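K.L.:
The sequence shown lines up with residues -28 to -1, 1 to 365 when you count with mature numbering (1 follows the signal peptide of the UniProt record, and there is no 0).
Below you'll find the structure I mean.
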Amino acid sequence: MANHIVCFHFFHPLFLFFPLIASLTVQAFTGTYGINYGRIANNIPSPDEVVPLLRAAKIKNVRIYDADHSVLEAFSGTGLEIVVGLTNGQLQDMSANADHALNWVKDNVQSFLPGTHIVGIAVGNEVLGGDDLSLWGDLLGAVKNIYNATKKLHLDDRIEISTANSFAVFANSYPPSSCKFKDNVRQYMKPLLEFFSQIGSPFCLNAYPFLAYISDPDQIDINYALFKPTKGIYDPEFRLHYDNMLDAQIDAAYAALEDAGFHKMEVIVTETGWASDGDQNEVGANVSNARTYNYNLRKRLAKKKGTPHRPKNVVKAYIFAIFNENSKPGPTSERNFGLYKADGSISYDIGFHGLNAGDSSHLSLKNIINPGLSRSYVMVFFLYALILLNFWC
Ligand SMILES: *[C@@H]1O[C@H](CO)[C@@H](O)[C@H](O)[C@H]1NC(C)=O
Ligand SMILES: *[C@@H]1O[C@H](CO)[C@@H](O)[C@H](O)[C@H]1NC(C)=O
């Protein structure tokens, strides 16, 4: 990095204070482009091979759906920032037994720190609005017990507690301003959000323009879902124009939060992606659309811009997913969300390289730099110290 650039950044007033502010709150997602590492497959590369794959792609923020120890060990010393998960099957136990929650955090989080940068715990996945209603009532208790466990272990200032929501929590989401939580979800969602706002956690959204499109391909312009030029949509209540569906989905979540009384909570996208293959009725699930979505999404996130309704909240998303997962049940699309195939080669070219030597990428995204904020953050911090010592400029 050239010296004059460093000086310029550095003397910006925000940058001077940034390290001080950032140290006061937990922030699990330090970049804007993260990825989900799903492992429901019997043929994908080992966690040790995933590390160089992510390094080459300059992806630093990763989510897994459990706390698999082989992954946590492989990620040790790599600087990768990982959010671990408690599965839905564990929620009842974690909610009923505070001591089990404490032991879980000890065994699966504390024992891997500080070598493995575990930065968050996702408690359950797509619980509210989901099919298993018995879990809805367990979620908040599990979240509280896990949070209390991190507090007891003095990890609450470095581990963010959250849970990912699907669009099944919303009654409607079009236009974005009209979005509200479903009536039957609201009674569970409100106390959960109250707790999350107390501990500074974001609202985690799994947002799939792909799913919206395949549910109504006759009405929805696929180009709008794929970030391609269209006339977009106009939200008369917000008086805002949307040129892509992902931004509209995120603002729909903001509208639902506002309707429920949470005006300050940040929305982050914990899953988004596009399947490169699907069943006959999954119109649009093919390689060229998946490539277009993921290529344009990467460009969108690299802009580090907010949405029309929340221009100051930079959009952050974890892509779903690293690999195609051959053992996932459900429609064919479910097994074909990977940016990489099971053999480690790329599924399509969005500028990343596969594991295999012959696999090269031809695209370059000149405007995409994804340095991983933490690295620059350490540097800023270091330089800040230098300034204080009067060594700089
Ligand atoms: C969490 O801990 C606090 C004090 O440490 C306690 O008052 C509270 O009851 C605990 N909550 C749960 C759900 O165990
Ligand atoms: C993918 O689907 C689109 C329609 O969504 C179609 O126009 C295109 O030809 C398909 N591409 C391939 C490679 O099948």
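No residue lacks a Cβ here, since even glycine has one placed at the ideal position from N, Cα and C.
Keep in mind it's a predicted model, so treat the numbers as computed, not measured.
#1: Rounded to whole angstroms, what's the CA-CA distance from C176 to E21? Just pull it up for me.
#2: Under the criterion of a Cβ to heavy atom distance below 7 Å, does I194 qualify as lining ligand 2?
#3: Could you tell me if the beta carbon of G256 falls within a distance shorter than 7 Å of some heavy atom in ligand 2?
#4: Quick one: is the Cβ of S260 within less than 7 Å of any heavy atom of ligand 2?
#5: Quick one: residues in its chain with C-beta nearer than 6 Å to the C-beta of D215, no 5 flanking neighbours on either side, listed in chain order?
#6: Starting from V56, trace the beta strand (DSSP E) in both directions and tell me its first and last residue.
#7: Can you tell me whether DSSP reads A73 as helix, strand or coil?
#8: Alpha carbon to alpha carbon, how far is G82 from Q191?
#9: Can you have a look at N261 and say buried or exposed, based on whether 16 or more other CB atoms are within 10 angstroms of its CB?
#10: Return helix, strand or coil for E254, following the three-state DSSP convention.
#11: Taking a contact to mean a Cβ-Cβ separation below 8 Å, would you say S247 touches F309 in this structure?
#12: Just to confirm, are G245 and A314 a CB contact at a threshold of 8 Å?
#13: Report the three-state DSSP secondary structure of R35 (helix, strand or coil).
#14: Looking at the structure shown, is S134 part of a helix, part of a strand, or coil, going by DSSP?
#15: Between the C-alpha atoms of V99 and L111, what's the straight-line distance to the nearest angstrom?
#16: Within 10 angstroms of the Cβ of E243, are there 16 or more other Cβ atoms? Answer buried if so, exposed if not.
#17: Sorted by chain position, which residues of the same chain lie with C-beta nearer than 6 Å to F47's C-beta, five sequence neighbours on each side aside?
#18: Under 8 Å, do N97 and N298 count as touching if we go by C-beta distance?
#19: DSSP on T244, reduced to helix/strand/coil?
#20: Less than 7 Å between C-beta atoms, sequence neighbours within five positions excluded: which residues of the same chain meet that for F1?
#21: Suppose only complete runs of 3+ residues qualify. What are the beta strand (DSSP E) ranges in the segment 147 to 222, listed by chain order?
#22: Leaving out the 5 sequence neighbours to the left and right, which residues in its chain are closer than 6 Å to P189 when beta-carbon positions are compared?
#23: Could you compute how far the alpha carbon of L105 sits from the alpha carbon of H72?
#24: Whole angstroms are fine: how far does the CA of A114 sit from the CA of G57?
#25: Does the Cβ of R11 have 16 or more other Cβ atoms within 10 Å, making it buried, or fewer, making it exposed?
#26: Helix, strand or coil for Y267? Go by DSSP, reduced to three states.
#27: Would you call Q(-2) buried or exposed, if buried means 16 or more other Cβ atoms sit within 10 Å of its Cβ?
#28: So, with DSSP's three-state summary, where would you put F139?
#29: Let me make sure I understand the geometry here. Which of Y37, K124 and H213 has the alpha-carbon closest to that of A136?
#30: Return the first residue and the last residue of the alpha helix (DSSP H) that V23 is part of.
#31: Hey, D223 and R272: beta-carbon distance below 8 Å or not?
#32: Do N120 and E70 count as a contact pair if the criterion is CB distance below 8 Å?
P.N.:
A quick look at the data gives this:
#1: 28 Å
#2: yes
#3: yes
#4: yes
#5: G204
#6: E53 to L58
#7: helix
#8: The residue you asked about is not Gly; residue 82 is Gln in the sequence shown. The alpha-carbon atoms of Q82 and Q191 are separated by roughly 49 Å.
#9: buried
#10: coil
#11: The question names Ser, but residue 247 is Ala in the sequence shown. A contact, by the Cβ cut-off of 8 Å.
#12: no
#13: strand
#14: strand
#15: 7 Å
#16: buried
#17: I54 and T88
#18: no
#19: strand
#20: N33, I240 and K288
#21: 175 to 178, 205 to 207 and 212 to 214
#22: V255
#23: 22 Å
#24: 12 Å
#25: buried
#26: helix
#27: buried
#28: helix
#29: Y37
#30: P19 to A28
#31: no
#32: Note that residue 70 is Ala in the sequence shown here, rather than Glu. It is a contact, given that the beta carbons lie within the stated cut-off.
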